[in-house]
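Undergrad: If you scroll down you'll find the structure; I have some questions about it.
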Amino acid sequence: MLITDTSKCWFVLDHFKSSISMALVKAADPQTSSSNASRYCCYHVFLSFRGPDTRKTFTDHLYTALVNEGFRTFRDDDEVERGEGIKPELQKAIKHSRTSVIVFSKDYASSRWCLDELVMILERKRRTSDDHVVLPVFYDVDPSHVRKQTGSLAKAFARHQKTQQLQKVKAWREALAEVADLAGMVLQNQAHGYESKFIKKIVKVIGDKLSRTPLSVAPNLVGMHSKVERINFWLQRRSTDVGILVIYGMGGMGKTTIAKTVYNSNFRIFEGSSFLENIKEVSQQPNGLVQIQTQLLSDILNGRKMKISNVSEGLIKIEDAMSSKRVLLVLDDVDHMDQLDAVFQMKDRFYPGSKIIITTRCARLLKAHQVTEVYAVETLTQKESLELFSWHAFGQDHPVEDYVEYSKKLVDHCEGLPLALKVLGSSLLGESICLWKSALEKLEAIPNGEIINKLRVSYDSLQDDHDRNLFLHIACFFIGKDKDYIVNILDGCDFYTLVGIQNLIDRCLVIIDGWDKVQMHNLIRGMGREIVRLESKEPWKRSRVWHHKDSFKILTEKNGTETIEGLVLDMHMCPTNSPLNSNEKVLETNSFSRMHELKLLHLSHVKLDGCYAEFCTGLRWLCWLEFPLDSIPTDFPVGSLIVLEMQYSGLRQIYKGTKCLQSLKILDLSHSHSLTETIDFSYCPNLETLVLVDCTSLIYVHGSIGNLERLMYLNMKDCKSLRMLPKNICMLKSLETFIISGCSNLNELSIEMLRNMDSLKVLKTDGIPISELWLKRSSSILGSLPCSLVELSLWGCNLSDDTFPIDFSNLSSLQRLNLGNNPIGSLPNCIKGLTRLGALLLNECTSLKSLLGLPKLNYLDITNCISLEKITYQSSSSRESSAGFGCNYNLVEWEYRYKLQPIGSVDVEMINLLGLCNLLESMEPIRMDSRYNSSLKDNQIPVQVRLSLSLSLSYDHRKELTNIASSIAYI
């Protein structure tokens, strides 16, 4: 479409009448790192002073005192040989000194040499992230005169202004102001003018500073910058509160490295500091807690040793030492409250402003009542992982060209765990492609031992075999499964699953994701499976068999043992080069006869031949994908089953005759396309979950379903042959989720059936033509839904504007409503009163033209609402926090976001102000091809320009905006 009429070109404005805002932000991510200069220091102290003022008096006495205490001290008249350039030597001396003492005298600022030294010293301090200590000594000048350049400094700068470049003078002034704000020493304040006492104090302070050295931290701290910055911000807030921050995460995440980096950046701003490393390991040694207390006191008291007889005595001495100075304390790898109690019991005993950082894998410590901040360490991104791996494998920030593919595979294996990236990268440094390939193949079968040993610490720290066995079951069989699903199964295996899972969470071994699924890091899973693998060289003597090749061998050779508690076999995953065609192989039922302890069995595409009378009589969980028979054999032992899953089965009926499944809680027969009827549910009275998704031949649901008092979840999605449901289904008083979406042939669904489900929280009827099913009663039906509903989905139910009731007052608890793909033209009035509604989905409503008076939402979906023109809200606070949109070609006004209007109607003065006076001419020849959207007849759409501008734009910003306008992005 050729734009020739400027009135058809739309200009997008945000709150045009009130203000136009634009943010032009350029973000940088400087990777600050601590210099190693302090490790190669030639001098302990660099003395900066003005010679004529104090060379033969105060500075000489100070120099002598420092040397006598054993400090290597630089001063220019002793160390710089004649004939050598002064400035290069000074630079070298400053660079290789750990501290700088600046003696401010009355005429210090009159010396250009002294001022240049000062600038160099502060640059050294900034470059090394505070590793270099600067101590200002105000000998016979007031700190405020130095800060503001008044008094004798004013006269000196008056001369400098006449003889020096303005930029240099400015740098000197800034340096003086900066150094005056550092913690310094004033002769009149600290020694009442007695120089000898003052010098002793200076020497003591230098000794204290030098005794507190930075910790060794590995180079290439990829991905650590943002993590360290956040904690630095917390530490550097000017607060008198005693704060406790916990750095929490699984082993190998870099918690200690983060803590060390933070410590190095901040310990000098505290009067005392201590980094206690490996507390868990030390505390397990004889008298370990007393060792920890002794080290802490030595650090805080600058090396002074104190004898401690027991933990109680040590605690008293620690509280006494901590109460008199502001300290930074880092407790690394804490895993028990006893270790914390040995260091402090009440944080209020610490001096105001003191800070405590704890690193731990134990989530239970996060619940300690004194903790004020928690920082959960996350894994590295894919980009960060590849960079860190490359530093260790290639000595650079990216892989060598021929190794890119294998590098990415190894990085994927590590799943962002820094420890694994470092270990694997270092182990492959300088090796050939062939060795890399072999190493990768080995990792898929056997995890790296060094990584496993590090991760196993959390497993070994579990309090008993109950939690260890629970972890191994999850690692081998249940990753990604719903938590309640796992609880149902493992509670039936004599586990106390809920408390056990919480203990695993506390040790960073598992997490519960946003969908209530139990998840585990890939390397933690590998650690668990490696523990099982090491139980025996022979797979049949191990407690769990998850490797398909091992399972296949055990069943074909019939050498299973009573040691096996769980087994997984997918015939499609067996080796294709097996002498037997595994896809066609029929195994025998007696292959399981010796597995008396087998409780967990997962089979896929497996065919068994033989009698089932002695087949796994103790099974609690049977998941058999593509079960081949048309009914479960009558001799099949199902009495102990808690979960029975037979998706994609060949079942026509579940079993012939009667079978008592007293323990059964979950029955899933999804995608069993031949299934025509359900069982008599009176034989499984404890059923809680029934899933019959896509059972396309199902025509009969047994009337006993209404007697299932514990049934909470019923899903019959896409049972397209189902024409009616038992009337007594309304008796399911415990039912919380009811899904009949896609049951398009239902010809009866009584209002009473829904109204009487008092516990119903989720109802999904997608694809059922409600207006046809209930004819003219649709509005009364929708108005009589149970008040307990939290989620309602009516997607594609052929609902028009007159289908909805006047109000939804009965749905006061509704939080999520899906009305997508319905022929509605405007927002139904009944929705405006849903005060708890958080998500409204209207995608694919192609007839929808307006949404006026939307209530407050968290999420709005208007994707493919191609006729939508206008959106407004009940109030400014009602605007949703996020939205899904696209293909909204006619949307010209979205309140609080933008309003489209012809560019010709925009105020000319505003156009000129924004530097867009040539916009009309520049847009005239623009075409836009919409070849990917077939809904437009001419296959072309008008260009839209969306800008967000500020009334206070500078000239440079207006210039940049004009450049942007000249290369308009097409929407």
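With positions in the sequence shown counted from 1, the corresponding number in my numbering is that position plus 4. Glycine included, C-beta positions come from ideal geometry on N, C-alpha and C.
Taking the alpha-carbon positions, what's the Lys309 to Phe161 distance?
TA: Roughly 50 Å separates the two Cα atoms.
Undergrad: Rounding to the nearest angstrom, what Cα-Cα distance links Asn581 and Asp554 in this structure?
TA: Interpretation of Asn581 is limited by its pLDDT of 40, a score under 50 that renders its predicted location unreliable; no figure is taken from the coordinates.
Undergrad: Give the single residue among Ile744, Val766, Asp762 whose Cα lies nearest to the Cα of Ile774.
TA: It is Ile744 whose Cα lies nearest to the Cα of Ile774.
Undergrad: Taking 8 Å as the cut-off, does the segment 313-328 touch the segment 295-304 (at least 3 CB pairs, one atom from each stretch)?
TA: These segments touch.
Undergrad: Ordered along the chain, which non-local residues of its own chain (more than five positions away) have a Cβ less than 8 Å from that of Glu88?
TA: Here Glu88 scores only 38 on pLDDT, less than 50, and its place in the model is too uncertain to base an answer on.
Undergrad: Between the Cα of Val590 and those of His609, Val572, Gly661, spot the shortest distance and give me the residue it belongs to.
TA: Answer by Cα proximity: His609.
Undergrad: Measuring alpha carbon to alpha carbon, tell me which of Cys366, Pro356, Ala325, Tyr355 ends up nearest Met341.
TA: With distances taken between Cα atoms, Met341 lies closest to Cys366.
Undergrad: By a C-beta neighbour count over all protein chains shown, 10 Å radius and 16 as the cutoff for buried, is Trp519 buried or exposed?
TA: Per the 10 Å Cβ criterion, exposed.
Undergrad: Looking at Leu239 and Asn270, is the spacing between their C-beta atoms short of 8 Å?
TA: A contact, by the Cβ cut-off of 8 Å.
Undergrad: Relative to the alpha-carbon of Val221, which residue among Gly188, Lys264, Ser215 has its alpha-carbon at the smallest distance?
TA: The shortest C-alpha separation from Val221 is found at Lys264.
Undergrad: Mind the definition here: the segment 448-460 touches the segment 476-494 only if three or more C-beta pairs lie below 8 Å; say whether that holds.
TA: The segment 448-460 vs the segment 476-494: no contact.
Undergrad: Quick one: which unbroken beta strand (DSSP E) runs of 3-plus residues sit fully inside the segment 180-253? Chain order, please.
TA: Counting only runs of 3 or more, we get 247-252.
Undergrad: What does the alpha-carbon distance come out to for the pair Ile709 and Asn457?
TA: If I take the Cα positions, the gap works out to 52 Å.
Undergrad: Which term fits Thr77, buried or exposed, when burial requires 16 or more other beta carbons within 10 angstroms of its beta carbon?
TA: Classification for Thr77: buried.
Undergrad: Could you say which of Gly824, Phe742, Ser830 lies nearest to Val794 if we only look at CA atoms?
TA: Measuring from the Cα of Val794, the nearest candidate turns out to be Phe742.
Undergrad: Could you compute how far the alpha carbon of Thr807 sits from the alpha carbon of Asn826?
TA: Going by the C-alpha atoms only, they are around 11 Å apart.
Undergrad: If contact is defined by three or more beta carbon pairs under 8 Å, each pair taking one atom from either stretch, is the segment 415-424 in contact with the segment 378-392?
TA: The segment 378-392 is in contact with the segment 415-424.
Undergrad: So which of Cys620, Cys512, Lys205 has the shortest CA-CA distance to Ile251?
TA: Checked all of Cys620, Cys512, Lys205; the closest Cα to Ile251 is Cys512.
Undergrad: Can you give me the start and stop residues for the alpha helix (DSSP H) that Tyr407 sits inside?
TA: Neither: Tyr407 is in no alpha helix (DSSP H) and is coded neither H nor E.
Undergrad: Helix, strand or coil, according to DSSP, for Asp613 in the structure here?
TA: The answer is strand: DSSP assigns Asp613 an E or B state.
Undergrad: So which of Ser879, Asn749, Ile670, Tyr407 has the shortest CA-CA distance to Tyr717?
TA: Of the listed residues, the one whose Cα sits closest to Tyr717 is Ile670.
Undergrad: According to DSSP, is Val697 helix, strand or coil?
TA: DSSP places Val697 in coil when its eight states are reduced to three.
Undergrad: What three-state label does DSSP hand Tyr47 in the structure shown?
TA: Strand, per DSSP.
Undergrad: Are the Cβ atoms of Leu474 and Leu494 separated by less than 8 Å?
TA: Yes, Cβ-Cβ distance for Leu474 and Leu494 is below 8 Å.
Undergrad: Below 8 Å on the Cβ atoms is my guess for Glu275 versus Arg330; work out the distance and round it to an integer in Å.
TA: With a Cβ gap of about 5 Å, Glu275 and Arg330 count as contacting.
Undergrad: Out of Lys721, Asp212, Asn314, Glu377, which has the shortest C-alpha to C-alpha gap to Ile304?
TA: The option with the nearest alpha carbon to Ile304 is Asp212.
Undergrad: For Phe596, collect the residues of the same chain with a Cβ closer than 7 Å to its Cβ; drop the 5 residues on either side in sequence, then sort them by chain order.
TA: Within the same chain, Phe596 has close Cβ partners Gly564, Leu602, Phe619, Cys620.
Undergrad: Within 10 Å of its beta-carbon, does Cys664 have 16 or more other beta-carbons around it, so buried, or fewer, so exposed?
TA: Cys664 is exposed by the Cβ-count criterion.
Undergrad: I need the DSSP call for Pro147, collapsed to helix, strand or coil.
TA: Of the three classes helix, strand and coil, the one that applies to Pro147 here is helix, per DSSP.
Undergrad: Does the separation of the CB atoms of Glu681 and Tyr652 fall below 8 Å?
TA: No. Outside cutoff.
Undergrad: Consult DSSP for His989 and reduce its assignment to one of helix, strand or coil.
TA: Given a span of 5 to 975 for the chain in the structure shown, any question on residue 989 remains unanswerable.
Undergrad: Under DSSP, the alpha helix (DSSP H) around Asn457 begins and ends at which residues?
TA: Counting along the chain, the alpha helix (DSSP H) containing Asn457 begins and ends at 453-464.
Undergrad: Ala97 and Phe50 - do their beta-carbons sit closer together than 8 Å?
TA: Taking 8 Å as the Cβ cut-off, Phe50 and Ala97 qualify as a contacting pair.
Undergrad: Quick one: give me the first and last residue of the beta strand (DSSP E) that Glu649 is part of.
TA: 647-649 is the extent of the beta strand (DSSP E) around Glu649.
Undergrad: From the DSSP output, in three-state form, read off Val107 for me.
TA: Reduced to three states, the DSSP call for Val107 is strand.
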